[in-house]
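Notes to accompany the following structure.
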Amino acid sequence: MEALTGDLLAALARSAPTKLDLTSPAQRESIEGMAVALAETADTLDGLREVAAAVAHDGALPMSVRVATKLALGRAMLEDVDEPVHVSVVIAVYKEHQRILTAKEHPVGEDFLREKLRQLRWLFRPTPRHDWDLTVVDDGCPEGSGRIARRILDEYARPDEEVEVLFLEDAIRDGLPIVASLGSTKESQKGGAIRLGLWHSTRASRVGHHVAAFSDADLSTHLAQLGLLVRPLTEPDHHAAIGSRREARSVVVKASKRDARGRLFIYLWKRLIPQLRGIVDTQCGFKAFEADHLATWIEDVEESGFSFDVEMLVRLQLVSPGSAKKVALAWIDSEAASTTAELEPYLPMLKRIVRLYRTVLPPTPSGERFATFIEGLDPDTFRSLAANVPQEIAARDPADFDDFAGVSPEQLRTAAGF
123 MEALTGDLLA ALARSAPTKL DLTSPAQRES IEGMAVALAE TADTLDGLRE VAAAVAHDGA
183 LPMSVRVATK LALGRAMLED VDEPVHVSVV IAVYKEHQRI LTAKEHPVGE DFLREKLRQL
243 RWLFRPTPRH DWDLTVVDDG CPEGSGRIAR RILDEYARPD EEVEVLFLED AIRDGLPIVA
303 SLGSTKESQK GGAIRLGLWH STRASRVGHH VAAFSDADLS THLAQLGLLV RPLTEPDHHA
363 AIGSRREARS VVVKASKRDA RGRLFIYLWK RLIPQLRGIV DTQCGFKAFE ADHLATWIED
423 VEESGFSFDV EMLVRLQLVS PGSAKKVALA WIDSEAASTT AELEPYLPML KRIVRLYRTV
483 LPPTPSGERF ATFIEGLDPD TFRSLAANVP QEIAARDPAD FDDFAGVSPE QLRTAAGF
């Protein structure tokens, strides 16, 4: 079997595209076809796991082949679950009025909503005992992303598919408890919409295992990888499965310009929240939760900005320590029309994490020093710091930041120029 798989990988590599295009239907069909062929050749789930592990960092293989192994594994892991599973998928939209269009309609168009529906159909097709629903939540988009999404779903979703669009503005007006802390949509940056969508999902009664998941609006993560998240949640002791781009078996194409800032962000929040030891990539927009468990604590989450992921993981850790399972993903950076790159969210996120630290976590001497340092940063000094990240941080594997605290707030102040 190993020889057969090796021969197949070599054959796939010869015909695979050398550069990925997330908007190309032909490429998507090719990658999914490779995934099917790999799953059939590997024969067993353990065999497919071995193949996925072996090819994750095999630079001799085109990225499309390595992505295909993740899709094959995700589909196979979902098929391996005997008891019925219902997966509720939540996507937040804000200023997605261009990326939601096709590439022919706009230069940055990804046609992501139709594509996500198609990905869900592809994932669940072999296992009719499993089911899904999709909720799009408009985060207060001034360009009407939610209305565009509703029109697309009305046209493209099938009559038997459970899809809907929620509006954060309506939830605030109606006084729903999950958004009680919000006075308007202007106070939310993705977090309010995701919290609303997940809360809404947990209120539905489902047969078998119920998983509530969220994904980014872009095409960075193929939804077939939901199988990678779902499988751990059908086992004891796991209440969350969190996608990670920083695992040994992750397959990643990432814009390098954000990496130094990302490492600085991780280094700083690690000084405040040692409770998340072992978790590095808090901001990957691909997470899933056991819905019944999530329903017991989601209303405690208050953060509505981009750092909502961190608070969710902290709340989970406080309720059920060690119950989050990290999952290595295939993730292709989608920089076009990225709202997070445009907003430069790291400093506001850090300040909100300081607030979380001071509100729900026990203080520590080191935590206090770093919290005070972060509180003293303004956009100019943080921009200077991000441009001069100390090499001890910029060149270090973020996985080391649990134990490495060798750059002091005083050294960071010097790097920031104040």
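In terms of the working numbering, the sequence shown opens at residue 123 and continues consecutively. Each residue gets a CB set at the ideal place from its N, CA and C atoms; glycine is no exception.
Between A138 and V187, the gap from beta carbon to beta carbon is short of 9 Å. Per DSSP, reduced to three states, the secondary structure at S137 is helical. In this structure, A279 lies away from L348, with their beta-carbon atoms at least 9 Å apart. Here D168 carries a helix assignment [DSSP, helix/strand/coil].
Fewer than three beta-carbon pairs drawn from the region 309–319 and the region 168–188 are found closer than 8 Å, and the two stretches are therefore not classed as touching. Residue environment analysis places S530 among the exposed positions, since fewer than 16 neighbouring C-beta atoms fall within 10 angstroms of its C-beta.
Of A413, F234, G181, I294, the smallest CA-CA separation from A363 is found for A413. The shortest C-alpha to C-alpha distance from V177 to any of H219, A132, D143, L200 is the one to A132. Less than 9 Å separates the beta-carbon of A198 from that of A161. Taking a C-beta distance under 9 Å as the contact criterion, L472 and L355 do not qualify as a contact pair. If you draw a straight line from the Cα of A508 to the Cα of G314, it comes to about 27 Å. Counting other Cβ atoms within 10 Å of its Cβ, P467 reaches 16 or more and is therefore classed as buried. The alpha-carbon separation between V173 and A293 amounts to approximately 46 Å. Apart from sequence neighbours up to five positions away, no residue of its chain approaches P484 with a beta-carbon distance below 7 Å. DSSP, read as helix, strand or coil, puts V476 in helix. In the DSSP assignment, F411 falls within the unbroken beta strand (DSSP E) covering 408–412. By the CB criterion at 9 Å, P470 and G427 fall inside the cutoff. Around S429, the same chain offers M471, R474, I475 as residues with beta carbons nearer than 7 Å, after the five sequence neighbours per side are excluded. Within the model, the alpha-carbon separation for V285 versus I300 is close to 21 Å. Beyond the five residues adjoining it in sequence on each side, V374 comes within less than 7 Å, by CB distance, of R367, W453 in the same chain, given in chain order. Counted as a single uninterrupted DSSP element, the alpha helix (DSSP H) harbouring F495 occupies residues 487–497. If one requires a minimum length of 3 residues, the beta strand (DSSP E) runs lying completely within the region 285–364 are 331–337, in chain order.
Around the beta carbon of D340, 16 or more other beta carbons sit within 10 angstroms, so the residue counts as buried. The residue among L416, D253, A493 with its C-alpha nearest the C-alpha of L534 is A493. DSSP places I454 inside the beta strand (DSSP E), whose first and last residues are 452–454.
Segment contact: the region 380–388 against the region 500–514, three or more CB-CB distances shorter than 8 Å; contact assigned.
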